[in-house]
Amino acid sequence: MFDNLGIILIILPVLYIVISFAVENGIKEAYKDITGKKPKDEHDLENRIKMYTSSKKHMNNNDKEEL
Numbered sequence: 046m047f048d049n050l051g052i053i054l055i056i057l058p059v060l061y062i063v064i065s066f067a068v069e070n071g072i073k074e075a076y077k078d079i080t081g082k083k084p085k086d087e088h089d090l091e092n093r094i095k096m097y098t099s100s101k102k103h104m105n106n107n108d109k110e111e112l
């Protein structure tokens, strides 16, 4: 019985994470289907990506000018 305990302690957290991501994505997809809008956290993620890419371009341009 104690041999299986280690396997169970590894499998249960992994199973919990997989199920929680599946439920979260299912809720987001249902929200999109019902309202036709993106969830707030997807808007935040898109804004962060835009800010990161624009700041990275700006930083690259400044580096070239200094040389």
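Numbering follows our numbering, with no gaps: position 49 of the sequence shown is 94.
Backbone N, C-alpha and C fix where the C-beta goes; we use that ideal spot for every residue, glycine too.
Alpha carbon of residue i to alpha carbon of residue j, nearest angstrom
| i | j | result |
| --- | --- | --- |
| D78 | V68 | 15 Å |
| G71 | S65 | 10 Å |
| L112 | A75 | Its pLDDT being 48, under 50, L112 is placed unreliably in this model, and the value from its coordinates should be taken loosely. Rounded to whole angstroms, L112 to A75 spans 51 Å at the Cα level. |
| T80 | I55 | 38 Å |
| R93 | S100 | 10 Å |
| G51 | I62 | 18 Å |
| K95 | E87 | 12 Å |
| K82 | D48 | 49 Å |
Proximity winner among the options, relative to residue i (alpha-carbon distances)
| i | options | result |
| --- | --- | --- |
| K85 | K95, I52 and K73 | K73 |
Three-state secondary structure (DSSP) of residue i
| i | result |
| --- | --- |
| G81 | coil |
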